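Okay, structure first, notes after.
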Amino acid sequence: MTKSTTRGTISMTNRKTTDETAKRKQDHIEICCNKLHEIEMSVTTGFEDIHFVPNALPDINFDDINLNTEFLKHDFDYPIFISSITGGTKLAKKINTRLAKLAEKYKIGIGVGSQRAALEDEANTDSFAVVRQQAPSVFVAANLGAVQFNNDFTIKHAEKAVEMINADALILHLNPLQEVIQPEGNTNFSNLTEKIKEIGKELKQPLIVKEVGSGISRDIALDLVDGGIPAIDVAGAGGTSWSQIEAIRAKQQGLTKQQKVGELFKDWGLPTAVSTIEVSKFQDMVEIISSGGIRNGLQAAKALAIGAKLVGIALPLACLAATGTEKQLINWMEQFIYELKTAMFLVGAEELEGLQFAPMTVTGKTAEWLTVRGLDEELEMINLRG
Ligand SMILES: Cc1cc2nc3c(=O)[nH]c(=O)nc-3n(C[C@H](O)[C@H](O)[C@H](O)COP(=O)(O)O)c2cc1C
C-alpha cells in the first residue's frame, strides 16, 4: 500500500524490509544485553580523567539540592534523557512501555528508536506510540537515521515520525560506522549536512542531531550550530560500541569482511568527555546532551559540569527494561540520582548551574586529547575554576 501526500510519497508496507528491520532490532537487544560484556574495550569515556576538587565545607543542606532543569524549553525534574533505543518488535513495545513509565514517573525525557520500521509498515506504529501514551507529560523525541534522507525519505517522513508519537523534537542520528559494517547499511552520506539543515528549517519541532557512540567533534558541531540546529547529543565513545555489535552480528551471519572491520574499529571515536568539551565550545548557541557510557551519577555530574544540559543513557536501561523488573528500573534511577546529588553536595552545588563553577582538574589521556585538539583554552578554563 502506498499513501500519497502533498510533498512526497510514504511507502506504508514493505514486508520484507520490515521483517529484516525487526530481526535486526531483536539482534541488537540480544547482543547488547547478552554478549557485549564479554568484549574488552580499550576506549573509555574519559570521565575517569576529570576530577572535582572536593569542597570540605559545602555550606549547603543535602536535602535542598535541586535537580530541576530545562531543555529545549521543556521542564525536567532531573537532567536525564533516556536515549533512543528501540521500536518495531514485541520486545521493543515492552521496553518502550517500561521506559516511558519511568520517564513519566521521574519527569525526565525519553527518545524512541529509529521509526523507520513504522514508516515502512504501519503495523509497527504501536510499539512507538506507546511511549507517548505512557509518558503523556514529558519531553519525548522521535528518531530517524539522517542517512535515510539521502535514500527515500523526505520532510514528510520527518513530520510523520513526529506525529506518530506527538513528539516534542526529532532526533536525527549519524551512524556512518554502523552503516559501513551493516550488511544492509546505507553508506551514501553525500551532502547530508545540507539536508539535515533543510529539515531543521522546515520541521516545526526542534531537531537534535546525535551520534550513536563515536562522538561529535567541534567542527561538525560548528557546522550544525551554523545551520541553526538547536541541540546536539554527542553520544561519544566509551559506552555501547555499535562497531562491536555489528561485528558480532556479522560473525553470526558468516560475513567475515564486515566482522573484521567491526572488530578493528571497536574503539573508534571521540571519548564522551572529550566530545562533550569539544561541543561545549558552542554551549551558548546549542543545548548539549552528553551520552555514551554514562553509567553513574558521578559521571553525570562531571558531564553536566563541563557543559551538558542533560545526560543520556541507553544500554543499562534497555537491558533492565528487557529482562529486569519495574522495581529494578526504579532502583537504578534512585541510585543514579543519589549519586548525582552526592557529587553536587561534595562540591557545594545546590543547583545544577553550580556544577559549571565547581573547581575541577582534567588529567591524563583526556587532557592530552584536549591539548592536541587545540582545546587548551577550554582545558585551562576548567582547570582554573574555583
Ligand atoms: C539496543 C540499542 C538500540 C539503539 N538504537 C538506536 C536508534 O534506533 N537510534 C539512535 O539514535 N540510537 C540508538 N541507540 C544508541 C543510543 O541512543 C546511544 O547513543 C548509545 O547506545 C550510547 O549510549 P550508551 O553507552 O548509554 O548505550 C541504541 C542503543 C542501544 C543500546
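Its first residue numbered -12, the sequence shown is counted upward by one per residue in our numbering. Glycine included, each C-beta is placed from N, C-alpha and C at the ideal position. Predicted model, so just to flag it, every value in this text is computed and none were measured.
Could you give the first and the last residue of the continuous beta strand (DSSP E) run that contains residue i?
i: Asn42; result: Careful: Asn42 lies outside any beta strand (DSSP E) and carries neither H nor E.
i: Asn130; result: 127 to 132
i: Val298; result: 297 to 300
i: Ala156; result: 156 to 160
i: Thr350; result: That residue, Thr350, is in no beta strand (DSSP E); it is neither H nor E in DSSP.
Do residue i and ligand 1 come close, with the Cβ less than 7 Å from some heavy atom?
i: Asn130; result: yes
i: Lys22; result: no
i: Leu302; result: yes
i: Gly335; result: no
i: Val199; result: yes
i: Ser277; result: no
i: Ser101; result: yes
i: Thr73; result: yes
i: Gly226; result: yes
i: Ser124; result: no
i: His160; result: yes
i: Ile16; result: yes
i: Gly280; result: yes
i: Ser29; result: no
i: Ala222; result: yes
i: Ala305; result: yes
i: Ser70; result: yes
Shorter than 8 Å from the beta carbon of residue i to some beta carbon of chain C?
i: Val40; result: Although the question refers to chain C, the structure presented lacks it and comprises just one protein chain.
Here's the rule I'm using: 16 or more other beta-carbon atoms within 10 Å means buried, otherwise exposed. How should residue i be labelled?
i: Glu365; result: buried
i: Gly361; result: exposed
i: Ser29; result: exposed
i: Ala43; result: exposed
i: Glu321; result: exposed
i: Ser(-9); result: Bear in mind that a pLDDT of 36 at Ser(-9), under 50, signals an unreliable position, so the number given afterwards is only what the model happens to contain. By the 10 Å Cβ count, Ser(-9) comes out exposed.
i: Ala288; result: buried
i: Tyr93; result: buried
i: Phe140; result: buried
i: Val40; result: exposed
i: Phe115; result: buried
i: Met(-12); result: Unreliable placement is indicated for Met(-12), whose pLDDT of 35 sits below 50; the coordinate value is still reported in the next sentence. Met(-12) should be labelled exposed.
i: Val378; result: Residue 378 lies beyond the residue range present for the chain, which begins at -12 and ends at 373; the question has no answer from this structure.
i: Lys314; result: exposed
i: Thr227; result: buried
i: Lys12; result: buried
i: Leu251; result: exposed
i: Thr32; result: buried
i: Asp220; result: buried
i: Gly256; result: buried
i: Thr(-7); result: In this prediction, Thr(-7) scores a pLDDT of 30, lower than 50, which makes its location untrustworthy; the coordinate-derived value is nonetheless stated afterwards. Exposed, because fewer than 16 other Cβ atoms sit within 10 Å of the Cβ of Thr(-7).
i: Gly249; result: buried
i: Asp384; result: Nothing in the structure corresponds to residue 384, since the chain is present only between -12 and 373.
i: Ser177; result: exposed
i: Met368; result: exposed
i: Thr243; result: exposed
Pull up the CB-CB distance for residue i and residue j, whole angstroms please, since I reckon it's below 8 Å.
i: Phe68; j: Ile276; result: 6 Å
i: Gly96; j: Val125; result: 6 Å
i: Gly74; j: Ala105; result: 7 Å
i: Lys88; j: Gln121; result: 5 Å
i: Ala336; j: Ala345; result: 6 Å
i: Gly215; j: Lys184; result: 7 Å
i: Asp14; j: Arg236; result: 5 Å
i: Gly284; j: Leu327; result: 3 Å
i: Leu291; j: Leu371; result: At roughly 19 Å, the Cβ-Cβ gap does not stay under 8 Å, so Leu291 and Leu371 are not in contact.
i: Thr56; j: Pro66; result: 5 Å
i: Val99; j: Ser70; result: Not a contact, Cβ separation roughly 10 Å.
i: Gly200; j: Gly279; result: 6 Å
i: Arg103; j: Thr174; result: With 8 Å as the limit, Arg103 and Thr174 do not qualify as a contact, their Cβ atoms being about 16 Å apart.
Can you give me the start and stop residues for the alpha helix (DSSP H) that residue i sits inside?
i: Thr180; result: 179 to 189
i: Asn370; result: 363 to 370
i: Pro163; result: 163 to 168
i: Thr141; result: Neither: Thr141 is in no alpha helix (DSSP H) and is coded neither H nor E.
i: Phe115; result: 112 to 121
i: Glu340; result: Glu340 -> no alpha helix (DSSP H), and no H or E assigned at all.
i: Glu107; result: 103 to 107
* To do: Run through the stretch 193 to 239 for me and flag every whole alpha helix (DSSP H) of 4 or more residues, listed as ranges in chain order.
  => You should have 205 to 213, 229 to 239.
* **Sequence ranges, alpha helix (DSSP H) only - wholly within the stretch 238 to 324, length at least 4** => For the alpha helix (DSSP H) assignment, the uninterrupted runs of no fewer than 4 residues enclosed by the stretch 238 to 324 are, from N- to C-terminal side, 243 to 251, 259 to 267, 284 to 292, 302 to 310.
* **Every unbroken beta strand (DSSP E) inside the stretch 13 to 101 [3 residues or more]** => 37 to 39, 56 to 58, 61 to 63, 67 to 69, 96 to 98, all fully within the stretch 13 to 101.
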